[in-house]
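Okay, so here's the structure we're looking at.
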Amino acid sequence: MSFTSIPILDLAQSRDPATKPQFLADLRHALMEVGFLYLKNVGIPDDLWREVIREGRGFFDIPREEKLKIEMKNAPSFLGYSQLSAEITAGAVDHREQIDLSTEHPVPGPNAPVWDNLLAPNQWPAASVLPDFRRVYTEYIERMGAISIQFTSLIAEAIELPADAFNRYFDADQQHKLKIVKYPDIAELNLGDGVQGQGVGPHKDSMLTSYLLQASDHKGLQVQNMKGEWIDCPPIDGTLVVAIGQGLEALTQGVCCSTTHRVLSPPAGAGARFSIPFFQGVRGSATFVELESVGVGDVPEAVKAQRRKVLEANGGRRLDDVEFTFRSGGVAKTLGEATLRNRVKSHPDVGERWYPDILRSIREQQAREAQVKAQGVEQASGVQSEAVDVNRQAVKAH
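Residue 2 is where the sequence shown starts when you use this note's numbering, and the numbers rise one by one after that.
Below is the structure:
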C-alpha cells in the first residue's frame, strides 16, 4: 500500500546497541517505501537551533540594498542572495526569496575544471546588519556535514552494506550546501484569487540526502506517493525532514527511493513560510561511469527483493517520477559538471553573466525536448480518455 504519512525516526536509538537493530529496520522501511522521513534527536544543541532560525528569518528583514550587495549573480559560485521569483523548477517560476551558503573553499585556480567554480567563499551579509549570522551558520553547516555523513553510514547498514560504503564519494573537505528560504503568502505575491502559488515546483533532490529545518509553523511541503497522491509533511518541533536524493537511489540500484516533492505558497493572510534545507554534497570529480560500474558494491539480493515487493504491491510502477537525471549518457560526464548545468538551468540570470555557452546549450536542449513533446501530444490525440489522463498526470509531475 502506498504511504499516507511520513515516518518519524529517533536518531538517538541508533547510538544504543539495544535499540539500533529496530532503528535500522525502521530506516529500511522509510528508504524503500517512502523516500522521506522525520528525524529527531539529531545532535544539534537547542540553543544553536534557535539561533539558526532567528538569524535565518532575520536575514529577510535587513535592508534590500544590503541583500543586493551579496546577490548570487555577483559571483560564478551560485552562492549568495536570490531575489523573489528568481529561480525556476519544473519549467515554472518558484515564488521564494533565498540565500545560498556552503562549506567554504578558497577561489579555485585558473587550471581547475569549470565546475570547481562552485567551490568558493560564501557571500555573507555584513556584520554591521547581522553580527551573529556568519558564526551561527558556519557552525550549523559544519555540524550538519558531520551528521549527514553519519546518517549515510546508517543508511548503508540498513540495506546490509558496510558502514563506509559511501565514503569513497566524499572529499576530505567535502562541500555541503544550505539555503535559507522565505515563501511569501498568496496575498503578498499578488497572484489573484483562486491561484495556487508555486513555492518550489515538483522535483527530486539530486545527490544523496538533504535535511530540512522547517522554520515556521506553516504547512506547504508535500511528498508524492507511488499512486501520485500528494501527502502533507507539516512541521514537527525538534525534527529535520530527510529526503533521499537521486544519487542514493542510483548508487543502491534502486533500493532507496528518491521521492518527488513540492512546496505550495502559504494561503493569503497566513504570512510567510520559512525553511532551511541542508544538502549533503558529493565529490564533484566522480564520473557517472564510475557511479554505475563501481557504485557502492552489490546490494544483497534479499534487500533488492524486498524493494521489488514494495513496487509490486503498488502496481509495479511509480506515478511520482519526475525526470531522473542521475545517469550516464547525458552531456555531463561528472557530478560536478551535472551540478553546474543544473544550477545554470535554475538560475539563468547567473548563467547569462558567467556561463553563457552552457545556458545556450541548455536552452537548445529544452527547445528540442519541447518539440518532441509537442509531436508526442499530436500523435496521442486519438488515444482514449483514460490513457490521456494518466499521461497528463505523469507530465504534470515533471
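Ideal placement from N, C-alpha and C gives every residue a C-beta, glycine not left out.
Under DSSP, residue 244 takes part in a beta bridge, and its partners are 37, 211. If you look at residue 68, you'll find it in the alpha helix (DSSP H) that goes 65 to 69. A residue is called buried once 16 or more other Cβ atoms fall within 10 Å of its Cβ, and residue 335 is buried on that count.
About 25 angstroms separates the Cβ atoms of residue 33 and residue 201, ruling out a contact at the 8 angstroms cut-off.
Here residue 310 is exposed. Its C-beta has fewer than 16 other C-beta atoms within 10 Å.
Burial is judged here by how many other beta carbons sit within 10 angstroms of a residue's own beta carbon; residue 331 has fewer than 16 and is exposed. Fewer than three beta-carbon pairs drawn from the region 365 to 372 and the region 348 to 356 are found closer than 8 angstroms, and the two stretches are therefore not classed as touching. Counting the other Cβ atoms within 10 Å of the Cβ of residue 282 gives 16 or more, which makes it buried. Residues of the same chain with a CB within less than 6 angstroms of the CB of residue 185, apart from the 5 flanking positions on each side, are 273 in chain order.
Fewer than three pairs of CB atoms, one per stretch, sit closer than 8 angstroms, so the region 243 to 251 makes no contact with the region 175 to 189.
Residue 253 sits in coil when the DSSP states are folded into three classes, being neither helix nor strand. The alpha carbon of residue 147 has as its nearest neighbour, out of 224, 211, 362, the alpha carbon of 211.
Residue nearest to residue 39 within the set 206, 213, 269 is 213 (criterion: CA-CA distance). The shortest C-alpha to C-alpha distance from residue 119 to any of 340, 375, 373 is the one to 340. Inclusion of residue 57 and residue 277 in the CB contact set at 7 angstroms is warranted, their separation being smaller than that value.
In the three-state reduction of the DSSP assignment, residue 217 falls in the coil class, being assigned neither a helical nor a strand state. Shown here for residue 345: same chain residues with a beta carbon closer than 8 angstroms to its own, the five before and five after excluded, namely 351, 352, 356, 359, 360, 363 in chain order. Remark: C-beta atoms of residue 219 and residue 267 approach each other more closely than 7 angstroms. Close CB contacts of residue 371 within its chain, under the 8 angstroms cut and outside five residues either way in sequence, are absent.
The DSSP-derived three-state label of residue 231 is strand. The Cβ neighbour count for residue 97, taken over all protein chains shown within 10 Å, is at least 16; the residue is labelled buried. Distances from the CA of residue 130 to each of 298, 9, 63 were compared; the closest alpha carbon is that of 63.
When secondary structure is reduced to three states using DSSP, residue 138 falls in the helix class.
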